[in-house]
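**Q** Per the working numbering, the sequence shown starts with residue 117, numbered consecutively. From the three backbone atoms N, C-alpha and C, an ideal C-beta is built for every residue, glycine too.
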Amino acid sequence: MAHLSDLEIANNATLKPITEIAQKVNIEEDALEQYGKYKAKVDINKINKNKEKGKVVLVTAMSPTPAGEGKSTVTVGLADALNGLKKKVMVALREPALGPTFGIKGGATGGGYAQVLPMEDINLHFNGDFHAITTANNALSAFIDNHMHHGNELDIDQRRIEWKRVLDMNDRALRQINVGLGGPTQGIPREDGFNITVASEIMAILCLATGINDLRTKISEITIGYTKSRKPVTVADLQVEGALTMILKDAIKPNLVQTIEGTPALVHGGPFANIAHGCNSILATETARDLADIVVTEAGFGSDLGAEKFMNIKAREAGFEPSAVVVVATIRALKMHGGVPKDDLQTENVEALKQGIVNLERHVDNVKKYGVEPVVALNAFIHDTDAETEFVQQWAKDKGVRLALTEVWEKGGAGGEVLAQNVLEVIDEPQSFKHLYDLDLPLEDKIETIVKEIYGGKSVSFTNKAQKQLASFKENGWDKYPVCMAKTQYSFSDDQTQLGAPSDFEITIRELEAKTGAGFIVALTGAIMTMPGLPKKPAALNMDVTDDGHAKGLF
Numbered sequence: 117m118a119h120l121s122d123l124e125i126a127n128n129a130t131l132k133p134i135t136e137i138a139q140k141v142n143i144e145e146d147a148l149e150q151y152g153k154y155k156a157k158v159d160i161n162k163i164n165k166n167k168e169k170g171k172v173v174l175v176t177a178m179s180p181t182p183a184g185e186g187k188s189t190v191t192v193g194l195a196d197a198l199n200g201l202k203k204k205v206m207v208a209l210r211e212p213a214l215g216p217t218f219g220i221k222g223g224a225t226g227g228g229y230a231q232v233l234p235m236e237d238i239n240l241h242f243n244g245d246f247h248a249i250t251t252a253n254n255a256l257s258a259f260i261d262n263h264m265h266h267g268n269e270l271d272i273d274q275r276r277i278e279w280k281r282v283l284d285m286n287d288r289a290l291r292q293i294n295v296g297l298g299g300p301t302q303g304i305p306r307e308d309g310f311n312i313t314v315a316s317e318i319m320a321i322l323c324l325a326t327g328i329n330d331l332r333t334k335i336s337e338i339t340i341g342y343t344k345s346r347k348p349v350t351v352a353d354l355q356v357e358g359a360l361t362m363i364l365k366d367a368i369k370p371n372l373v374q375t376i377e378g379t380p381a382l383v384h385g386g387p388f389a390n391i392a393h394g395c396n397s398i399l400a401t402e403t404a405r406d407l408a409d410i411v412v413t414e415a416g417f418g419s420d421l422g423a424e425k426f427m428n429i430k431a432r433e434a435g436f437e438p439s440a441v442v443v444v445a446t447i448r449a450l451k452m453h454g455g456v457p458k459d460d461l462q463t464e465n466v467e468a469l470k471q472g473i474v475n476l477e478r479h480v481d482n483v484k485k486y487g488v489e490p491v492v493a494l495n496a497f498i499h500d501t502d503a504e505t506e507f508v509q510q511w512a513k514d515k516g517v518r519l520a521l522t523e524v525w526e527k528g529g530a531g532g533e534v535l536a537q538n539v540l541e542v543i544d545e546p547q548s549f550k551h552l553y554d555l556d557l558p559l560e561d562k563i564e565t566i567v568k569e570i571y572g573g574k575s576v577s578f579t580n581k582a583q584k585q586l587a588s589f590k591e592n593g594w595d596k597y598p599v600c601m602a603k604t605q606y607s608f609s610d611d612q613t614q615l616g617a618p619s620d621f622e623i624t625i626r627e628l629e630a631k632t633g634a635g636f637i638v639a640l641t642g643a644i645m646t647m648p649g650l651p652k653k654p655a656a657l658n659m660d661v662t663d664d665g666h667a668k669g670l671f
């Protein structure tokens with residue numbers, strides 16, 4: 117029997133009215149701002165809060181491969197499994213970005229029978245949040261250039277403007293551009309560039325703000341560049357924080373949707389985890405905690421990226437502690453880390469599994485460093501053999517690691533019950549959560565701690581540019597911020613070809629960016645880009661619409 121595509125499964129599902137989904141977690145209709153029948157924004161000022169906040173379960177993964185691991189699928193499937201066990205549960209996810217949807221990945225709402233719906237809408241524009249973020253970001257660029265054009269009262273150095281424009285698309289041609297060309301009436305000529313919207317500091321701020329007033333404060337603290345005497349210039353200096361907050365007044369409200377099985381889901385915000393902090397909004401997670409007993413959420417890519425930032429940036433800012441961490445693994449990905457090419461993954465290869473399982477082992481050990489017990493979700497795929505599955509199960513037994521074979525893609529919540537039981541056991545046990553580093557440490561030490569403790573590297577080197585930036589950041593009082601590492605997702609190192617669990621490598625920090633509004637310092641490693649490009653054959657080539665106006669080829 118031919119397998120249905122994710123989109124076909126989504127289209128065959130019967131959606132419940134969003135008012136019915138809201139009732140499951142006691143959201144009154146008065147708190148809903150409906151976008152059609154099946155989507156709504158939630159006015160957090162009008163919700164009925166739990167007496168006790170819900171517990172947070174974080175879903176992370178081993179280092180991703182082109183074979184795909186299904187982290188979002190497991191996140192949704194676990195929530196559905198807990199729902200099936202009659203737990204009051206919500207799932208909190210990031211919104212997909214259009215760039216990767218049209219590029220390599222395709223859509224990002226889970227897969228098979230573990231999806232959030234309506235899949236088409238969530239992948240395409242959703243409730244307009246990313247457009248609002250793009251507009252606010254680019255409005256700030258317009259205000260900066262307008263200030264320069266009208267006399268530059270703040271004495272901004274046009275060579276030291278750090279703020280870039282953004283676009284929600286992978287477009288390498290825009291990485292470096294010149295603006296203001298064409299004579300005196302067209303503005304002041306200067307070099308500029310574009311990032312992808314998900315790398316915008318406005319995106320990070322939306323995801324780290326605890327409310328509208330905090331959003332305004334954080335926006336006012338953005339450093340847009342420097343004066344000719346090298347003093348930082350902020351949005352507050354330009355006096356436009358109010359206008360930018362107004363553009364985001366609806367985008368800050370979490371979006372309520374549902375899974376195929378009717379579990380309430382908040383989908384809000386979407387920073388990448390390789391170039392940004394990789395977590396959905398604090399507001400969505402905290403709102404879910406106010407409404408449900410258990411919140412299942414995810415952080416992008418492997419535990420070295422999204423989970424590290426979840427623990428050290430998001431959880432710290434929000435002031436909560438995760439009660440359990442799920443690490444998603446697949447036999448396919450383990451074999452790739454053991455040296456098997458993507459085209460040969462369907463062939464049984466226990467020897468390659470033995471080589472590749474070191475990657476999973478390091479991720480499991482990393483989670484333990486935060487004082488939280490990990491549960492491995494072995495996400496089943498059709499070509500996995502009994503011998504391969506048994507090898508991984510035996511490895512987990514030998515290491516004393518909880519492992520659950522998970523079949524949510526094929527069976528929905530029913531395929532995640534063993535995982536759910538394991539998670540319930542862990543969240544009932546006391547955990548001893550701790551951050552990896554103290555904020556009082558110098559920036560160099562924070563970076564070195566992440567490299568040595570989480571990546572398995574031996575040392576960090578800083579380019580001359582990065583060293584100058586470290587000195588200047590310290591002078592400006594920015595050395596107490598947490599660090600957001602920008603690194604390839606495919607390897608623990610900064611070289612994406614180094615699979616498995618490389619060690620004794622050096623990480624080079626080529627430059628740093630001060631995100632003083634979001635409240636972290638970005639450290640750029642290797643060849644990481646904040647504006648990706650499209651592949652030779654983008655996923656867009658398979659996309660179209662049906663005669664009745666429905667999407668085709670999103671998956």
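Which residues mark the beginning and the end of the beta strand (DSSP E) in which I623 is found?
**A** Within the sequence shown, numbered from 1, the residue matching residue 623 stands at position 507. 622 to 631 is the extent of the beta strand (DSSP E) around I623.
**Q** Mapping the DSSP letters down to three states, classify Y606 as helix, strand or coil.
**A** Residue numbering aside, residue 606 sits at position 490 when the sequence shown is read from its first letter. If DSSP states are grouped into helix, strand and coil, Y606 belongs with coil.
**Q** For a test of the three-state rule: what should DSSP assign to Y571, helix, strand or coil?
**A** Reading the sequence shown from its first residue, position 455 is the one you call residue 571. Residue state, collapsed to three classes: helix.
**Q** Looking only at its chain, what residues have a beta carbon closer than 6 Å to the beta carbon of M117, apart from the 5 residues adjacent to it on each side?
**A** For the purposes of this step, residue 117 is taken as residue 1 along the sequence shown, with counting starting at 1. Bear in mind that the predicted position of M117 carries a pLDDT of just 42, short of 50, making it unreliable; the figure below should be weighed with that in mind. Excluding residues within five positions, none has a Cβ falling inside 6 Å.
**Q** Short of 8 Å in beta carbon distance, which residues of its chain neighbour K153, apart from the five on each side in sequence? Order them along the chain.
**A** For this step, residue 153 is matched to residue 37 along the sequence shown. So the list reads L131, P133, I134, once near-sequence residues are dropped.
**Q** Is it buried or exposed, N730, if we count other Cβ atoms within 10 angstroms and call 16 or more buried?
**A** The structure shown has nothing for residue 730, since the chain only spans 117 to 671.
**Q** Using a Cβ-Cβ cutoff of less than 7 Å, which residues in the same chain neighbour A320 once the five nearest sequence positions on both sides are dropped?
**A** Here residue 320 refers to the residue found at position 204 of the sequence shown. Excluding sequence neighbours, A320 sits near P387, A392, H393, K631, A634.
**Q** For the pair the region 613 to 627 and the region 564 to 574, tell me if three or more CB-CB distances fall below 8 Å.
**A** Yes, since at least three Cβ pairs between the region 613 to 627 and the region 564 to 574 fall closer than 8 Å, the two stretches touch.
**Q** Can you grab the Cα-Cα spacing for the pair R626 / T646, in whole Å?
**A** For the purposes of this step, residue 626 is taken as the residue at position 510 of the sequence shown. For the purposes of this step, residue 646 is taken as the residue at position 530 of the sequence shown. The straight-line gap from Cα to Cα measures roughly 13 Å.
**Q** For my contact list, G487 and S548 are in at a C-beta cut-off of 8 Å; report their separation, rounded to the angstrom.
**A** On the sequence shown, position 371 is the one that residue 487 refers to. On the sequence shown, position 432 is the one that residue 548 refers to. Confirmed, Cβ separation roughly 4 Å.
**Q** Determine contact between the region 404 to 422 and the region 196 to 215, defined as no fewer than three beta-carbon pairs at a distance below 8 Å.
**A** With a cut-off of 8 Å, the region 196 to 215 and the region 404 to 422 count as touching, because enough Cβ pairs lie within range.
**Q** Compute the Euclidean distance between the alpha carbons of A156 and K652, then round it to the nearest angstrom.
**A** Counting from 1 along the sequence shown, the entry for residue 156 is found at position 40. Counting from 1 along the sequence shown, the entry for residue 652 is found at position 536. About 37 Å.
**Q** In chain order, what residues of the same chain have a beta carbon less than 6 Å from the beta carbon of N482, not counting five sequence neighbours either side?
**A** Taking the first residue of the sequence shown as 1, we reach residue 482 at position 366. Counting only Cβ-Cβ distances below 6 Å, and skipping sequence neighbours, we find S419, I570.
**Q** Can you tell me whether A520 is helix, strand or coil according to DSSP?
**A** In the sequence shown, residue 520 corresponds to position 404, counting from 1. If DSSP states are grouped into helix, strand and coil, A520 belongs with the strands.
**Q** If you follow the alpha helix (DSSP H) that D502 is in, where does it begin and where does it stop?
**A** Locating residue 502 in the sequence shown gives position 386, where the first residue counts as 1. Looking at the DSSP string, the run of the alpha helix (DSSP H) that includes D502 is 502 to 515.
**Q** N713 to G298, Cα distance in whole Å?
**A** In this structure the chain extends from 117 to 671, so residue 713 is not present and cannot be described.
**Q** Taking only three categories from DSSP, how would you classify D460?
**A** What you label residue 460 is simply residue 344 of the sequence shown in a count that begins at 1. Here D460 sits in helix by DSSP.
**Q** So what does DSSP say about M117, is it helix, strand or coil?
**A** Within the sequence shown, residue 117 is the residue found at index 1, counting from 1. For M117, the pLDDT reaches just 42, beneath the cut-off of 50, and the residue's location in the model is therefore unreliable, leaving the point undetermined.
**Q** What separation, rounded to the nearest whole angstrom, lies between the Cα atoms of E556 and A423?
**A** One-based indexing of the sequence shown puts residue 556 at position 440. One-based indexing of the sequence shown puts residue 423 at position 307. The residue asked about is misnamed: residue 556 is Asp in this sequence, not Glu. About 21 Å.
**Q** Do you know whose CA, among L450, T463, H499, V282, lies nearest V314's CA?
**A** Along the sequence shown, read from residue 1 onward, the residue named residue 314 stands at position 198. If we check each option's Cα against that of V314, V282 comes out closest.
**Q** Rounded to a whole number of angstroms, what is the C-alpha to C-alpha distance between D554 and P380?
**A** In the sequence shown, the residue the question calls residue 554 occupies position 438. In the sequence shown, the residue the question calls residue 380 occupies position 264. Rounded to whole angstroms, D554 to P380 spans 36 Å at the Cα level.
**Q** What is the DSSP secondary structure of K155, counted as helix, strand or coil?
**A** For this step, residue 155 is matched to residue 39 along the sequence shown. Note: K155 maps to coil in three-state DSSP.
**Q** Kindly give me the distance between the Cβ atoms of E278 and N294, rounded to whole angstroms, as I take these residues to be in contact under 8 Å.
**A** Here residue 278 corresponds to residue number 162 of the sequence shown, with the count starting at 1. Here residue 294 corresponds to residue number 178 of the sequence shown, with the count starting at 1. Not really, about 17 Å apart at Cβ, beyond 8 Å.
**Q** Can you check which of these residues, V480, A255, L372, is closest to E149 by C-alpha distance?
**A** Numbered from its first residue, the sequence shown carries residue 149 at position 33. Residue L372 is the option with its Cα nearest to E149.
**Q** In this structure, how does DSSP classify M452 when only helix, strand and coil are distinguished?
**A** The residue given as residue 452 occupies position 336 in the sequence shown. Residue state, collapsed to three classes: helix.
**Q** Roughly how many whole angstroms lie between the Cα atoms of A536 and Q471?
**A** By one-based count along the sequence shown, residue 536 stands at place 420. By one-based count along the sequence shown, residue 471 stands at place 355. Taking the straight line from one Cα to the other gives about 29 Å.
**Q** Using only CA atoms, which one of I563, K590, K568 lies nearest to F578?
**A** If you number the sequence shown from 1, residue 578 lands on position 462. That would be I563, whose Cα lies nearest to the Cα of F578.
**Q** Pull up the distance between the alpha-carbon of A126 and that of A248, whole angstroms please.
**A** Here residue 126 refers to the residue found at position 10 of the sequence shown. Here residue 248 refers to the residue found at position 132 of the sequence shown. Going by the C-alpha atoms only, they are around 27 Å apart.
**Q** Quick one: residues in its chain with C-beta nearer than 6 Å to the C-beta of N475, no 5 flanking neighbours on either side, listed in chain order?
**A** On the sequence shown, residue 475 is found 359 positions in, with the first residue counted as 1. The residues are M178, S179, H453, G616, A617.
**Q** Checking the sheet assignment: what are the DSSP bridge partners for D89?
**A** Residue 89 lies beyond the stretch modelled for the chain, which goes from 117 to 671, so this question has no answer here.
**Q** Give the straight-line distance between the Cα atoms of T624 and I644, rounded to the nearest whole angstrom.
**A** Taking the first residue of the sequence shown as position 1, residue 624 is located at position 508. Taking the first residue of the sequence shown as position 1, residue 644 is located at position 528. Distance between the alpha carbons of T624 and I644 is about 11 Å.
**Q** For the region 185 to 193 against the region 521 to 530, do three or more pairs of beta-carbon atoms, one drawn from each stretch, fall closer than 8 Å, so that the two count as touching?
**A** With a cut-off of 8 Å, the region 521 to 530 and the region 185 to 193 count as touching, because enough Cβ pairs lie within range.
**Q** So, at 6 Å on beta carbons, what are the nonlocal neighbours of P305 in its own chain, with the 5 sequence-adjacent residues on each side left out?
**A** Residue 305 sits at position 189 when you count from the first residue of the sequence shown. The answer, listed in chain order, is G296, L297.
**Q** Return yes when the C-beta of T191 is under 6 Å from any heavy atom of the ligand SAM, and no when it is not.
**A** The ligand SAM is not part of this structure, which contains no ligands at all.
**Q** Work out the CA separation of E464 and T326 for me, nearest whole Å.
**A** The residue you call residue 326 lines up with position 210 of the sequence shown. The residue you call residue 464 lines up with position 348 of the sequence shown. Looking at the two C-alpha atoms, the distance is approximately 49 Å.
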